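In the numbering used here, the protein residues as written are 1249 to 1449.
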Ligand code: ADP
């Protein structure tokens, strides 16, 4: 379906009196989107889960958007073609922005393999609200873990477009935080990210 040009759609943004700032003040926090990127099995979901628990304990109002969960709901009509991957990330970024507008701290866990898409997400969310966290666990370690058995399938040619194997993963050039989980416990990893995050929250 072709979307009509903006001028033909009769849309006008209505500025509301309860602003993003007012909502953030009410929740007594700085709403940010903490955007984790990295290969499958790098540790994103595990870290986001632990990190959210920590923020929660300290009274922060948070929400998690996680790869497969979003693909089973909001984005269940999307596949893994280039076009669908772009749309997947765009929708996640728009939802994150809405949640930030509501005052909530959002943690996202998506491979998000393309620089262009992460740049687009940052643009949608706003550069002051976007914290890019690169979980840089190398592919050898991710493949050794093979949590979901996906590397085995991808090596057997059963998954096309698998990031790091049959589809590229473009490393962030200047992430705000980077951590390689190899040889670190989950606690050590989360301690490190949490200490680095403090300056943004
Ligand atoms: P992703 O979400 O990036 O695909 P997962 O979190 O699903 O990755 O899987 C990461 C796996 O690596 C889990 O089985 C987790 O227990 C393990 N792991 C080992 N060390 C760490 C660490 N320091 N941080 C996060 N995960 C780790």
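Ideal placement from N, C-alpha and C gives every residue a C-beta, glycine not left out.
Every value quoted in this text rests on a predicted model; they were computed, and no experiment measured them.
| Query | Result |
| --- | --- |
| Count the other C-beta atoms from every protein chain shown that fall within 10 angstroms of the C-beta of residue 1283, then say buried if there are 16 or more, exposed otherwise. | buried |
| Can you tell me the Cα-Cα spacing of residue 1414 and residue 1408, whole angstroms? | 6 Å |
| Rounding to the nearest angstrom, what Cα-Cα distance links residue 1428 and residue 1293 in this structure? | 14 Å |
| Quick one: what does DSSP say residue 1380 is sitting in, helix, strand or coil? | strand |
| If contacts are defined as beta-carbon pairs under 8 Å, then residue 1224 and residue 1345 qualify, I think. What distance do you get, rounded to the angstrom? | There is no way to answer for residue 1224, as the model of the chain reaches only from 1249 to 1449. |
| Spell out a yes or no on whether the stretch 1270–1283 and the stretch 1318–1330 are touching, meaning 3 or more CB-CB pairs, one atom from each, closer than 8 Å. | no |
| Leaving aside the five residues before and after residue 1328 along the sequence, list all residues of the same chain whose C-beta is less than 7 Å from its C-beta, in chain order. | 1409 |
| Can you check whether the CB of residue 1353 is closer than 8 Å to the CB of residue 1310? | yes |
| Output the distance between the C-alpha atoms of residue 1280 and residue 1272, rounded to the nearest integer angstrom. | 10 Å |
| Residue 1322 bridges to which residues according to DSSP? | None, per the DSSP bridge assignment. |
| Quick one: give me the first and last residue of the beta strand (DSSP E) that residue 1314 is part of. | 1310–1314 |
| Closer than 7 Å to a non-hydrogen atom of ligand 1 - does that hold for the CB of residue 1433? | yes |
| Using the Cα positions of residue 1332 and residue 1267, report the straight-line distance between them to the nearest angstrom. | 32 Å |
| Compute the Euclidean distance between the alpha carbons of residue 1324 and residue 1339, then round it to the nearest angstrom. | 12 Å |
| Can you tell me the Cα-Cα spacing of residue 1422 and residue 1360, whole angstroms? | 15 Å |
| Give the range of the beta strand (DSSP E) segment to which residue 1281 is assigned. | 1281–1285 |
| Strictly by DSSP, which residues pair up with residue 1425? | 1381 |
| Quick check on residue 1267: does DSSP put it in helix, strand or coil? | coil |
| If you run the structure through DSSP and keep just helix, strand and coil, what is residue 1387? | helix |
| To the nearest whole angstrom, what separates the beta carbons of residue 1393 and residue 1307, a pair I think is in contact under 8 Å? | 33 Å between Cβ atoms; not a contact. |
| Give a yes or no on whether 8 Å exceeds the smallest Cβ distance from residue 1377 to chain E. | Protein chain content of the structure displayed is limited to a single chain, and chain E is not contained in it. |
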